[in-house]
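Under this note's numbering, residues 202 to 579 are what the sequence shown spells out, in order.
The beta-carbon is built from N, C-alpha and C at its ideal position, and this holds for glycine as well.
Take a look at the structure below.
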Amino acid sequence: MLNSDEKVNDYLYPMKIFEITTYLESLAPINSQESYDNCGLIVGDKNSEVTNALLTLDCIEATVDEAIEKKCNLIIAHHPIVFKGLKKITGKNYVERTILKAIKNDIAIYAIHTNLDNYKNGVNKKIGEKLGIKKSKILQPTENKLNKISVYVPKTHQNHVMEAMFKAGAGNIGHYSECSFSSPGNGTFKASAGTKPFVGEIEKRHTEEEIKLEVIVATYQTDQVIQAMLLVHPYEEVAYDIFQLSNKNNFEGAGMIGDLETAISEKDFLQKLKDTFACKVIRHTALLDQPIQRVSWCGGSGSFLLPNAIAAKADIFITGDFKYHEFFDADNQLIIADIGHFESEQFTIELLNELIQKKFPKFAPCLTGKITNPVNYF
Ligand SMILES: [Zn+2]
């Protein structure tokens, strides 16, 4: 419950957990997470009122302690504390102990992970900002996550149907919304006995001037768009097609790439990287004695994107968790710079704070004061 003496968050209404999470998922939908992931509310009741939220990269026992101390009953973490199914929760490892402690203290745990990685203004956009790169694009756009819907609608109902589909999420291409294409034509049908056709007579072929309306839609929104369309379409039996597209979605995906305004030397760039991300060490491949201008990066474990970085002619690829043998794959085509998983994603906390405050300006989340990086450097 909200404590009225508490001046930390001077918002005017008691906000519920789902109000924050629904908003975050409107930016970074759960369906855009990777298959191995477990984003969303992991512990807690979405209808609970939020006292305050603690933003962190990892949620471990110390994070729950911090939440208790700072009177936050919601932890918003980048990494999910639970990835796989748990059959027993007895406290035998840190995952189970964290969950037990959270439940005992009525603290909810929410994770926004690869859906935030894949979001165009997410984890990697923030890293680009820190690198001083103004214009960046997705390094590996998602594929096979778009459908096209064609629906045949009588001319009189074209706008009505189109509006409903737009409202349900169709017609968004990058920074453009309400995109559609319409072409006129004639539809025929013969209604059988027992039907109630919108136009025409029973058992008689009818020709109707129709519009073929085409819109693009994300796969995860396809069902809701179809339902919205059926609700307002005047026909008893609606003719529509759903086509799976292999188009890339350039506004969602893994990693990013962009150019520095002016090229700088490799050593200067590495030093800048070290300072910006407060790295104790950067593991990197051989320097190539070439200036750095085109930079590619991926917060966390991004080694799978090395071929994309090479194909895009990046001078350097920055990420964490590169393995020994993977370093060889740089093959003198670019420099791999492993700055550490935690280090690369540390600004995600700042990002979450900005996203939340943009929507709820009177809500001031707590930023964790704990370094949860399990890796130490001697
Ligand atoms: Zn990570």
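Short of 8 Å in beta carbon distance, which residues of its chain neighbour residue i, apart from the five on each side in sequence? Order them along the chain.
| i | result |
| --- | --- |
| H407 | T389, F390, K391, A392, P398, V400 and G401 |
| D206 | Residue placement at D206 cannot be trusted, given a pLDDT of 39 that sits under 50; what the coordinates show is reported in the next sentence. Counting only Cβ-Cβ distances below 8 Å, and skipping sequence neighbours, we find nothing. |
| V283 | N239, I243, V296 and I300 |
| I403 | A392, S393, A394 and T396 |
| E544 | F478, A479, C480, G521 and N574 |
Would you say residue i and residue j are within 8 Å of each other, going by their C-beta atoms?
| i | j | result |
| --- | --- | --- |
| A254 | N316 | no |
| R495 | A515 | yes |
| V265 | N306 | yes |
| L474 | I519 | yes |
| N533 | L489 | yes |
| K349 | A429 | no |
| S351 | D442 | yes |
| L332 | A419 | no |
| I276 | Y320 | no |
| L340 | S502 | no |
| V433 | A371 | no |
| I536 | T477 | no |
| G459 | I540 | no |
| P566 | L225 | no |
| N373 | E409 | no |
Can you find a heavy atom of ligand 1 that lies under 7 Å from the Cβ of residue i?
| i | result |
| --- | --- |
| E235 | no |
| G501 | yes |
| H526 | no |
| E453 | no |
| E544 | no |
| H280 | yes |
Once the 5 residues before and after residue i are set aside, which same chain residues still bring their CB inside 7 Å of it?
| i | result |
| --- | --- |
| S249 | K217, I218, N274 and A309 |
| K208 | Reliability fails at K208, whose pLDDT of 42 lies under 50, so the model's placement of it is uncertain and the value that follows must be treated cautiously. There are no such residues. |
| V482 | Y578 |
| K405 | K391 |
| I572 | none |
| Y421 | P230 and N232 |
| L203 | Here the model assigns L203 a pLDDT of 40, short of 50, so the residue's position is not dependable, and the following value carries that caveat. If we look at L203 and ignore the five residues flanking it on each side, its Cβ neighbours are P215, E250 and T252. |
| V324 | L317, D318, G500, E546, T549 and L552 |
| Y436 | F399 |
| S447 | E344 and N345 |
Return the first residue and the last residue of the beta strand (DSSP E) that residue i is part of.
| i | result |
| --- | --- |
| E462 | K449 to I465 |
| I536 | I536 to D539 |
| T549 | From DSSP, T549 is part of no beta strand (DSSP E) but of the alpha helix (DSSP H) over T549 to K560. |
| T408 | R406 to A419 |
| D442 | Y441 to L446 |
| N248 | No beta strand (DSSP E) holds N248; DSSP gives it neither H nor E. |
| K349 | L347 to P355 |
| Q359 | Looking at the DSSP string, Q359 is not in any beta strand (DSSP E); the run it does join, the alpha helix (DSSP H), is Q359 to K368. |
Please go through the same chain and pick out, in chain order, the residues whose beta-carbon is closer than 6 Å to the beta-carbon of residue i, but skip the five residues on each side of it.
| i | result |
| --- | --- |
| S383 | I412 and L414 |
| P342 | K449, N450, N451 and G454 |
| Q491 | none |
| E527 | S504 |
| E220 | none |
| Q359 | I412 |
| C144 | Because the chain is modelled from 202 through 579, residue 144 falls outside the range shown and cannot be assessed. |
So, is the C-beta of residue i closer than 8 Å to a C-beta in chain D?
| i | result |
| --- | --- |
| T291 | Although the question refers to chain D, the structure presented lacks it and comprises just one protein chain. |
In the DSSP assignment, find the alpha helix (DSSP H) that holds residue i and state where it starts and stops.
| i | result |
| --- | --- |
| E344 | Taken as a continuous stretch (DSSP letters only), E344 belongs to no alpha helix (DSSP H), being part of the beta strand (DSSP E) at S337 to E344. |
| H526 | Y525 to F529 |
| K391 | Premise fails: K391 lies in the beta strand (DSSP E), F382 to K391, not in any alpha helix (DSSP H). |
| L432 | T423 to V433 |
| G329 | V324 to K331 |
| A263 | E262 to E270 |
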